[in-house]
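As structure tokens, the structure follows; a few thoughts come after it.
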Amino acid sequence: MFGNISEGRRYIAVQIVPYTPTQTLRLNDHSLAKCLLQNVEKYYGVYGLGIIEHGFRVKYCNERTKIAIIRCLHRGQRFVSSMLPLITLIGDVRAKFRTLYIGATIIQCNKFIIKHQKQFLDRVMGQVESAKERQDLFKRVMELDMDR
Amino acid sequence: MKDSQYLDVKLKLRDTESIVLTPGYLIGCILNSLESLFGEIGGKTSLDIVKFSAAERRLILRVPQEFVERARIAVTLIGHYQEVPCHFQVLNASKNQLDFDSKNDENVVKL
Numbered sequence: 000m001f002g003n004i005s006e007g008r009r010y011i012a013v014q015i016v017p018y019t020p021t022q023t024l025r026l027n028d029h030s031l032a033k034c035l036l037q038n039v040e041k042y043y044g045v046y047g048l049g050i051i052e053h054g055f056r057v058k059y060c061n062e063r064t065k066i067a068i069i070r071c072l073h074r075g076q077r078f079v080s081s082m083l084p085l086i087t088l089i090g091d092v093r094a095k096f097r098t099l100y101i102g103a104t105i106i107q108c109n110k111f112i113i114k115h116q117k118q119f120l121d122r123v124m125g126q127v128e129s130a131k132e133r134q135d136l137f138k139r140v141m142e143l144d145m146d147r
Numbered sequence: 000m001k002d003s004q005y006l007d008v009k010l011k012l013r014d015t016e017s018i019v020l021t022p023g024y025l026i027g028c029i030l031n032s033l034e035s036l037f038g039e040i041g042g043k044t045s046l047d048i049v050k051f052s053a054a055e056r057r058l059i060l061r062v063p064q065e066f067v068e069r070a071r072i073a074v075t076l077i078g079h080y081q082e083v084p085c086h087f088q089v090l091n092a093s094k095n096q097l098d099f100d101s102k103n104d105e106n107v108v109k110l
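Quick note, the sequences are listed as chains F and A, same order.
Just so it is clear: in the first sequence, position 140 is 139 by numbering that gives the first Met the number 0, and no numbers are missing.
Just so it is clear: in the second sequence, position 31 is 30 by numbering that gives the first Met the number 0, and no numbers are missing.
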């Protein structure tokens, strides 16, 4: 009904950095959203939670590349971006967030993530020996299916 | 004290017998409400009880100026004191020090 009314939205691209590098995250977008909302409540109370809850959504969460895109409304962005560095536990895994980029559209965020992943590939590709492994790595790093 | 406001607050309880009313418990109750509403970052401040009367169930609170709005919200939204339903009524708010019988105070902010 209100689909045409556009509200100022912000898309925050974050990278999840686990404390032990080999650990799997076992994370989906629901558990990530739950973790973020719990932390907003902890640091900004029910008032802060009320402000950000409207329009809040985890748009994309890739367990393999450990990159996620969080959507929030413009007025709640300060709450979300300021408590991201304070989080040390995501689900039951010890990890931290690295804020990569904040954009106004999801396309900008996608562009940035692709650029970021390409940079990562440039660094790592030289160390991989066989062509098969390189192809696998390329596929793994550049996967970005936005089906949500 | 500069840059602070005084709130004259009255506690109204449903059941007055089963509670222990001390300044410490009261300030804890208000700070708890502040923290649950505004969180660890937004809800931390220095609250002082300037005057307290257990018989009248009234207290004068000193709140830093920039925290008056939040403190009043938190005080207003308290629903329980030691698990007894209650509410707080803010009788007066002033930049000057308040007293329990300050009816003719010119600087009192009318509510």
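C-beta atoms are modelled at their ideal positions from N, C-alpha and C, and glycine is treated no differently.
Helix, strand or coil for residue i per DSSP?
i	result
F/Thr98	strand
F/Ala32	helix
A/Asp2	coil
F/Arg8	strand
A/Val19	coil
A/Asp14	coil
F/Gln126	coil
F/Arg139	helix
F/Arg25	coil
F/Tyr59	strand
Taking 9 Å as the CB-CB cut-off, is residue i touching chain F?
i	result
A/Glu65	no
A/Phe115	Here chain A covers residues 0 to 110 and nothing more, so residue 115 of chain A does not appear.
A/Ile40	yes
A/Glu34	yes
Counting only beta-carbon atoms, is residue i nearer than 9 Å to chain A?
i	result
F/Gly102	no
F/Lys41	yes
F/Val57	no
F/Gln75	Checking the sequence shown, residue 75 of chain F turns out to be Gly, not Gln. Not one chain A Cβ lies under 9 Å of F/Gly75.
F/Gly2	The predicted position of F/Gly2 is uncertain, since its pLDDT is 48 and thus under 50; a value taken from the coordinates is nonetheless stated next. For F/Gly2, the answer is no, since every Cβ of chain A falls outside 9 Å of its Cβ.
F/Met82	yes
F/Gly44	yes
Which residues in chain F have a C-beta closer than 7 Å to the C-beta of residue i? List them in chain order.
i	result
A/Gly78	Those within 7 Å of A/Gly78 in chain F number zero; the least Cβ separation is about 13 Å.
So residue i contacts chain A; which residues on that side make the cut at Cβ distance below 9 Å?
i	result
F/Val140	By Cβ distance, chain A contributes nothing, its closest Cβ being about 36 Å from F/Val140, past 9 Å.
What in chain A is Cβ-close to residue i, meaning under 7 Å?
i	result
F/Val79	Within chain A, no residue comes near F/Val79; the closest Cβ sits about 13 Å away, beyond 7 Å.
F/Val92	Correct list: empty, because the minimum Cβ distance to chain A is about 22 Å.
At a cut-off of 8 Å, is residue i close to the ligand ATP when judged by its beta-carbon and the heavy atoms of the ligand?
i	result
A/Pro22	For the structure depicted, the ligand ATP is absent and the ligand set is empty, with no information on it obtainable.
Which bits of chain A does residue i rub up against, with CB to CB less than 8 Å?
i	result
F/Gly47	Phe37, Gly38, Gly41
Inset, instruction - Check whether the region 71 to 78 of chain F touches the region 12 to 21 of chain F, counting contact only when three or more Cβ pairs, one atom from each stretch, lie closer than 8 Å. - result: Output reads no: the region 12 to 21 of chain F does not touch the region 71 to 78 of chain F.
Legend entry - Entirely enclosed alpha helix (DSSP H) segments - the region 31 to 106 of chain A, minimum 4 residues: Qualifying alpha helix (DSSP H) stretches, in chain order: 67 to 75.
Legend entry - Stretch pair the region 31 to 42 of chain A + the region 70 to 77 of chain A: three plus CB contacts closer than 8 Å: By the criterion of at least three beta-carbon pairs nearer than 8 Å, the region 31 to 42 of chain A is in contact with the region 70 to 77 of chain A.
Inset, instruction - Write down every uninterrupted run of the alpha helix (DSSP H) in the region 62 to 122 of chain F whose length is 4 residues or greater and which is fully enclosed by it, in chain order. - result: As far as the region 62 to 122 of chain F is concerned, its whole alpha helix (DSSP H) runs of at least 4 residues are 76 to 82.
Legend entry - Touch test, the region 82 to 101 of chain F against the region 28 to 37 of chain F, Cβ-Cβ under 8 Å, three pairs minimum: Contact between the region 82 to 101 of chain F and the region 28 to 37 of chain F is present, because at least three Cβ pairs lie under 8 Å.
Legend entry - Meets three-Cβ-pair contact criterion under 8 Å: the region 118 to 131 of chain F and the region 41 to 57 of chain A: Touching, no, given that fewer than three Cβ pairs across the two stretches are closer than 8 Å.
Inset, instruction - May I ask you to verify whether the region 37 to 46 of chain F touches the region 90 to 107 of chain F, counting CB pairs closer than 8 Å and requiring at least 3? - result: The region 37 to 46 of chain F vs the region 90 to 107 of chain F: no contact.
Inset, instruction - Determine contact between the region 82 to 98 of chain A and the region 10 to 21 of chain A, defined as no fewer than three beta-carbon pairs at a distance below 8 Å. - result: Under the Cβ criterion (8 Å, minimum of three pairs), the region 82 to 98 of chain A counts as touching the region 10 to 21 of chain A.
Legend entry - Cβ contact check for the region 59 to 68 of chain F and the region 131 to 143 of chain F: 3 or more pairs under 8 Å: Judged by Cβ distances under 8 Å, the region 59 to 68 of chain F makes contact with the region 131 to 143 of chain F, as three or more pairs qualify.
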